[in-house]
Amino acid sequence: MMNRSYYWLIVALSIPAFVWLVPTVWMVSLSFQPNEVLARTTSTTALGLVPIPFTAENYAALFAFGQTPMWFLNSVIVAVGMTLGVLAVSTTAGYALARLDFRFKTPITVLCLIGLMVPEQAVFIPLYTMFADLGWHNSYHALILPRMAVPIGVFLMMQFFKAIPKDIEEAARLDGVSWLRIFWYVMLPLARPAMMTLAILTFLYAWNDYLWPLVSAQQKEYFTITLGLASIQSNFAQSEGLGRVMASGVIASLPVVILFLIFQRYVVQAMTVGGSKG
Amino acid sequence: MATRDKSSRRFLSEAQSAWLLLTPFLAVYALFLVYPFFRGFWISLHDWNLLAVAFNPDAKEYVGLRNYERVMWGRNIEWGALASPALQIIGVLGVVIAVFFRRMRRMSRTTAIALGVASAMLFLLPGFHPGEGGRWFDRRFWPTVGNTLVFVGLTVPGVTVSALVLAAALNRETRAMAILRTVFFLSQVLSVTVVTLIWQIMFSPRQGLIANITEVFGGSPIVWLTNEQFAMAAIVITTVWWSLGIAMILFLAGLQDISRDLYEAAALDNATGLKAFWYITLPNLQRTITLVIVLQIILHFQVFGQSHLMTNGGPNDTTQVLVRYIYQTAFRDSELGRASAMAVFLFLIMGGFSIIQFLIGREEDR
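From first to last, the protein sequence lines stand for chains A and B.
The opening residue of the first sequence carries number 1 in this note's numbering; numbering runs sequentially from there.
The opening residue of the second sequence carries number 1001 in this note's numbering; numbering runs sequentially from there.
This is how it looks when you write it as structure tokens:
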């Protein structure tokens, strides 16, 4: 395969790949340029794609007196909380539905999977009124709880547990080990790759979700970084300076991009599952 | 053995364990998905002002289906076969294609039925229009649905075609190809606010990279986001850039399933490159292509952030989309009843496509 046409293909593909990369590179580059320069022109060096004149001022300002660090922390709390919550309810329910026998198993499985059809946009208004009645808005649990009810995780774990051979369980049963112990000591360790995929899927979703935080968090103290960034981008030029807004964008993207570059295989898998089922 | 029997009696039975493990999920599921889902229907049957009901829970009034009428219907509504010819002709064509390809056995039953039904709707629904002296009760609703369809109609083919071409080109296990795949997938993990932040400034006529490039070539910059002709295009471009990754990955997964032998056999007949793509890749990828298209329709029909953050639905409502209209009706106009009726409408469309997706996913290869 390593013939001339292969190298031509690489060269031909590099052009769209470069175009694809340009917007992201541009954001990073602008975030390292002084605001006074950006107010005049965004194309100082190589159309602005190279950060000369260079400054790290924007990032320093961000951490000194912006709200970005607080929003970032909120996002971490919400994303980690949601991930742990989803893992807990999904692995347990997924195992029960895949491996245990009980009455009403089929109707309950069907009931859970029907939920895959319900988009977030179809329930966000009633959820809003419910949480308002409970006085729960502007809190971490308001941001975390609704997503825990989404059955995609149960579906994913169920598929995984179904594929594990039965004899592992049966051997343990013959030794008189209880179902809960089998779940905890035998099944969970086996499920680590699937849990990893689910964890990444949930974390990405939590980090990037916009609609529910927009509705639920009205106080700036409970904004996630995704929501906070939306709130400053409308008036970026006047108040904050383009460079600083771009620096916020870079900070907001850093965790998911790092996650992606390290766990690329899991991320691709997670997004494929998430994309095709929920 | 005796002790073991005794101790095993202390254990929970299989069914008890199952219920114990299921309870946490079922609890959150019932509370935060099943209940809100039905409550949404219930709200849609009421005249329900967000602020009034917040102060006084009895301030809502049961109005039956009137919200649906106020959103979707009007006075003196008539139906005509050529009320909006372009859409209706596409609808007729769709039905013809579905019947024809099914007859030729080039299309599976589910796909044909789905395409047929969707096309028939496209013929029927745009036929409704206000007759003489009539008008829609809500002038903005159907144009908003139309904008959403235009967005979907431009984004889905854009993403599908480019992702398919890229996937076919990148389907090789070499290091360079892996890096290129990473590049094309990277934008997918960014959040909608980062994406709109980048592209808002990319499209800016004064500071934008696109304007800067146009100026290098001596052109005058386009005012993308506030121009009625270009605003939708700008949002579509942004979305294609953002969401190409998933489609590409799904196509790559589908390509893995096509046997190498087919290509080798084809190569003997001098079918390589484009020819092989046309005669082998495409036919064998048919199911994946349908699945990706349905998936994209579901995904992009829910568009919100791009329109909300980049253009505010403007200029002149040309980029107003359904979810943004629901959001505004609920949280700016405080009309939860009407907004919920629209949300039910959205759910029905999404639900229809989810069923198609499920059926295609389950369908055996013919």
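Backbone N, C-alpha and C define an ideal beta-carbon position, used for all residues, glycine too.
Through-space distance from residue j to residue i, alpha-carbon basis
| i | j | result |
| --- | --- | --- |
| leucine 111(A) | alanine 1169(B) | 41 angstroms |
| glutamine 219(A) | phenylalanine 1151(B) | 32 angstroms |
| threonine 1311(B) | valine 1321(B) | 11 angstroms |
| glutamine 1229(B) | valine 1323(B) | 22 angstroms |
| valine 1145(B) | isoleucine 1349(B) | 11 angstroms |
| methionine 1177(B) | alanine 17(A) | 11 angstroms |
| tyrosine 1062(B) | phenylalanine 1041(B) | 12 angstroms |
| phenylalanine 1347(B) | isoleucine 1355(B) | 12 angstroms |
| threonine 55(A) | proline 34(A) | 6 angstroms |
| aspartate 101(A) | isoleucine 108(A) | 12 angstroms |
| serine 1191(B) | leucine 227(A) | 10 angstroms |
| valine 197(A) | threonine 44(A) | Inspection of the sequence shows that residue 197(A) is occupied by threonine rather than by valine. Cα to Cα, the separation comes out at about 42 angstroms. |
| tyrosine 222(A) | leucine 180(A) | 37 angstroms |
| methionine 130(A) | alanine 1341(B) | 18 angstroms |
| proline 151(A) | tyrosine 1029(B) | 8 angstroms |
| alanine 98(A) | valine 1034(B) | 22 angstroms |
| leucine 1031(B) | isoleucine 1235(B) | 36 angstroms |
| threonine 41(A) | glycine 1218(B) | 17 angstroms |
| phenylalanine 63(A) | glutamine 1302(B) | 35 angstroms |
| lysine 166(A) | arginine 265(A) | 28 angstroms |
| leucine 49(A) | glutamate 1215(B) | 16 angstroms |
CB contact below 8 angstroms: residue i versus chain B
| i | result |
| --- | --- |
| glycine 48(A) | yes |
| arginine 4(A) | no |
| aspartate 101(A) | yes |
| threonine 42(A) | yes |
| isoleucine 125(A) | yes |
| isoleucine 15(A) | no |
| proline 119(A) | yes |
| proline 146(A) | yes |
| valine 268(A) | yes |
| threonine 106(A) | no |
| isoleucine 262(A) | no |
| serine 139(A) | no |
| glutamine 233(A) | yes |
| valine 160(A) | Inspection of the sequence shows that residue 160(A) is occupied by phenylalanine rather than by valine. No, because no Cβ of chain B sits closer than 8 angstroms to the Cβ of phenylalanine 160(A). |
Residue-chain proximity (residue i, chain A), Cβ-Cβ < 8 angstroms
| i | result |
| --- | --- |
| threonine 1182(B) | yes |
| isoleucine 1297(B) | no |
| glycine 1305(B) | yes |
| arginine 1175(B) | no |
| serine 1007(B) | Note that serine 1007(B) scores 49 on pLDDT, short of 50, meaning its location in the model is unreliable and no value can be drawn from it. |
| isoleucine 1280(B) | no |
| tyrosine 1062(B) | no |
| serine 1340(B) | yes |
| alanine 1265(B) | no |
| glutamine 1302(B) | yes |
| alanine 1271(B) | no |
| threonine 955(B) | A question about residue 955(B) goes unanswered here, because the residues of chain B that appear run from 1001 up to 1366. |
| valine 1253(B) | Position check: residue 1253(B) holds alanine in this sequence, whereas valine was assumed. At least one chain A Cβ lies under 8 angstroms of alanine 1253(B). |
| glutamine 1286(B) | no |
Residues near residue i by beta carbon distance below 8 angstroms, same chain, minus five either side
| i | result |
| --- | --- |
| methionine 271(A) | Leu201, Leu204 |
| leucine 1045(B) | Tyr1062, Val1063, Gly1064, Leu1065, Asn1067, Gly1337 |
| alanine 1253(B) | Thr1288 |
| serine 1162(B) | Val1240, Leu1244 |
| valine 154(A) | Val89, Ser90, Ala93, Gly94, Leu97, Cys112 |
Same chain, Cβ closer than 7 angstroms to residue i, five either side skipped, listed in chain order
| i | result |
| --- | --- |
| leucine 1012(B) | Leu1020 |
| tryptophan 1136(B) | Gly1074, Pro1130, Trp1142 |
| aspartate 1047(B) | Lys1060, Glu1061, Val1063, Gly1337 |
| leucine 242(A) | Leu30, Asn35, Leu38, Phe236 |
Residue range of the beta strand (DSSP E) that includes residue i
| i | result |
| --- | --- |
| glutamate 1132(B) | 1128-1136 |
| asparagine 1067(B) | Run containing asparagine 1067(B): none in the beta strand (DSSP E); it sits in the alpha helix (DSSP H), 1066-1072. |
Host alpha helix (DSSP H) of residue i (start-end)
| i | result |
| --- | --- |
| proline 1024(B) | 1014-1029 |
| tyrosine 313(A) | The structure shown has nothing for residue 313(A), since chain A only spans 1 to 278. |
| threonine 1288(B) | 1286-1301 |
| glycine 1094(B) | 1085-1103 |
| lysine 1060(B) | No alpha helix (DSSP H) holds lysine 1060(B); DSSP gives it neither H nor E. |
| aspartate 133(A) | 120-134 |
| serine 31(A) | 4-31 |
* Cβ-based contacts, 7 angstroms cut-off: residues of the segment 1344-1355 of chain B near chain A -> Leu1346, Phe1347, Met1350, Gly1351, Ser1354
* **Residues of the segment 1321-1337 of chain B whose Cβ lies closer than 8 angstroms to any Cβ of chain A, in chain order** => Val1323, Ile1326, Tyr1327, Ala1330, Phe1331, Leu1336
* Asked: Listed in chain order, which residues of the segment 1198-1215 of chain B have Cβ atoms closer than 8 angstroms to some Cβ of chain A?
  -> Ile1198, Trp1199, Gln1200, Ile1201, Met1202, Gln1207, Gly1208, Leu1209, Asn1212, Ile1213
* Quick one: which residues of the segment 20-31 of chain A get their C-beta closer than 8 angstroms to a C-beta of chain B? List them in chain order. => Trp20, Leu21, Val22, Pro23, Thr24, Trp26, Met27, Leu30
* To do: Taking only beta carbons into account, state which residues of the segment 1008-1032 of chain B come closer than 9 angstroms to chain A, listed in chain order.
  => The segment 1008-1032 of chain B vs chain A, Cβ under 9 angstroms: Ser1008, Arg1010, Phe1011, Leu1012, Ser1013, Glu1014, Ala1015, Gln1016, Ser1017, Ala1018, Trp1019, Leu1020, Leu1021, Leu1022, Thr1023, Pro1024, Phe1025, Leu1026, Ala1027, Val1028, Tyr1029, Ala1030, Leu1031, Phe1032.
* Asked: Using Cβ-Cβ distances below 9 angstroms, what residues of the segment 195-221 of chain A are close to chain B?
  -> Leu204, Trp207, Asn208, Asp209, Tyr210, Leu211, Leu214, Val215
* For the segment 1158-1172 of chain B, enumerate the residues whose C-beta is nearer than 8 angstroms to any C-beta of chain A, in chain order. => Leu1166, Ala1169, Leu1170, Arg1172
* To do: Residues of the segment 1038-1068 of chain B with a CB closer than 7 angstroms to any CB of chain A: list them in chain order, please.
  => Flagged, chain order: Arg1039, Gly1040, Ile1043, Ala1054.
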